[in-house]
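Visitor:
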Amino acid sequence: MSPSSKLMVGNWKMNGSLAANASLVAQLLEGIGAVSCRSALCVPAPYLAQMQHLLTDSSVDLGAQDVSAHASGAYTGEASADMLRDFSVRYVIVGHSERRQYHAESDATVAAKTQRALAVGITPIVCVGESLAEREAGQTEAVVKRQLAAVIQTNGHCISEIVVAYEPVWAIGTGLTATPEQAQQVHAVLRSQLQAASAQATRISILYGGSMNAANAADLLAQPDVDGGLIGGASLKAADFLSMLKVASR
Ligand code: PGA
Numbered sequence: 161m162s163p164s165s166k167l168m169v170g171n172w173k174m175n176g177s178l179a180a181n182a183s184l185v186a187q188l189l190e191g192i193g194a195v196s197c198r199s200a201l202c203v204p205a206p207y208l209a210q211m212q213h214l215l216t217d218s219s220v221d222l223g224a225q226d227v228s229a230h231a232s233g234a235y236t237g238e239a240s241a242d243m244l245r246d247f248s249v250r251y252v253i254v255g256h257s258e259r260r261q262y263h264a265e266s267d268a269t270v271a272a273k274t275q276r277a278l279a280v281g282i283t284p285i286v287c288v289g290e291s292l293a294e295r296e297a298g299q300t301e302a303v304v305k306r307q308l309a310a311v312i313q314t315n316g317h318c319i320s321e322i323v324v325a326y327e328p329v330w331a332i333g334t335g336l337t338a339t340p341e342q343a344q345q346v347h348a349v350l351r352s353q354l355q356a357a358s359a360q361a362t363r364i365s366i367l368y369g370g371s372m373n374a375a376n377a378a379d380l381l382a383q384p385d386v387d388g389g390l391i392g393g394a395s396l397k398a399a400d401f402l403s404m405l406k407v408a409s410r
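In our numbering, the protein residues as written are 161 to 410.
1) Whole angstroms are fine: how far does the CA of V280 sit from the CA of L244?
2) What span of residues does the beta strand (DSSP E) with S199 cover, start to end?
3) Please indicate yes or no: does the CB of G369 lie closer than 6 Å to some heavy atom of the ligand PGA?
4) Roughly how many angstroms separate the alpha carbons of T412 and A241, rounded to a whole number?
5) Which ranges does the beta strand (DSSP E) cover as unbroken runs of at least 3 residues, wholly within the stretch 173 to 257, from first to last along the chain?
6) When you compare only the Cα positions, how much space is there between Q383 and A343?
7) Grab me the residues of T283's own chain with a C-beta within less than 8 Å of its C-beta, minus the 5 sequence neighbours each way, in chain order.
8) L402: beta carbon under 6 Å from a heavy atom of the ligand PGA?
9) Regarding N175 and the ligand PGA, is the C-beta to nearest heavy atom distance less than 6 Å?
10) Quick check on this structure: which residue in H230, E296, E327 has the alpha carbon closest to the alpha carbon of Q307?
11) Output the residue ranges of the alpha helix (DSSP H) runs that lie fully inside the stretch 251 to 322 and measure 4 residues or longer, sorted by chain position.
12) Which of helix, strand or coil does DSSP assign to V407?
Written out as structure tokens, the structure is:
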């Protein structure tokens with residue numbers, strides 16, 4: 161069983177400016193109307209204050225793209241979960257493959273970041289996904305299960321409060337999308353792993369990410385275990401993101 165309303169999350173990555181953000185949000189809020197899906201924008205940390213202001217009284221929640229694994233102290237350049245909460249952040253992406261790859265984040269680090277977010281009431285969006293080499297070697301299930309197991313082990317029954325995003329690394333920013341069947345297969349594996357860990361896991365949304373766009377969203381979202389999307393490139397275009405929100409509200 162899946163959560164009833166879909167969750168669509170834009171991941172802006174390292175894109176934007178004060179002027180571009182204001183224009184994009186104005187277009188989104190003008191066009192959004194009465195969508196029934198849940199939505200959020202995960203923005204670069206320097207724009208959290210601006211976006212908190214722009215999204216006030218809107219149906220779009222604010223998200224961040226990373227959080228420190230530590231509570232406070234001598235960690236130059238990092239932002240703590242408490243700091244994110246000061247800006248009404250509702251979601252934070254943890255363990256994105258770009259963080260795992262370029263910042264050497266281990267499964268244990270991702271599990272600790274998840275714990276920090278949960279401790280202050282921010283919903284972590286825990287990303288898992290296999291590389292192309294891992295898929296070709298038949299290791300997809302083993303990789304995503306190992307990544308999720310670390311989060312489950314550290315967070316116990318609290319995992320019922322997380323969101324999971326399946327993002328095959330080979331599909332991110334490449335224009336290659338997992339087929340709906342490939343996505344569903346992995347989502348079903350993740351769903352049963354979560355349900356085995358927590359009786360409350362039925363409320364966990366499992367998002368698909370990796371070149372999701374206005375053209376392929378409907379087929380992906382039609383899968384029984386695809387509860388929404390984590391959208392990079394297409395979330396930077398108001399018309400595309402709006403059309404995906406509408407698809408997710410059907
Ligand atoms: P993409 O990115 O939609 O541009 O492939 C998704 C993500 O990395 O979250």
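For each residue, glycine too, the CB sits at the ideal point set by N, CA and C.
If you're wondering where the values come from, they're calculated on a predicted model, not measured in any experiment.
Guide: Result, derived from the coordinates:
1) 9 Å
2) 198 to 203
3) yes
4) Residue 412 is absent from the model: the chain starts at 161 and stops at 410.
5) 198 to 203, 220 to 224, 251 to 254
6) 8 Å
7) R250, Y251, V252, A277, E321, I322, V323
8) no
9) no
10) E327
11) 257 to 262, 267 to 279, 292 to 296, 300 to 315
12) helix
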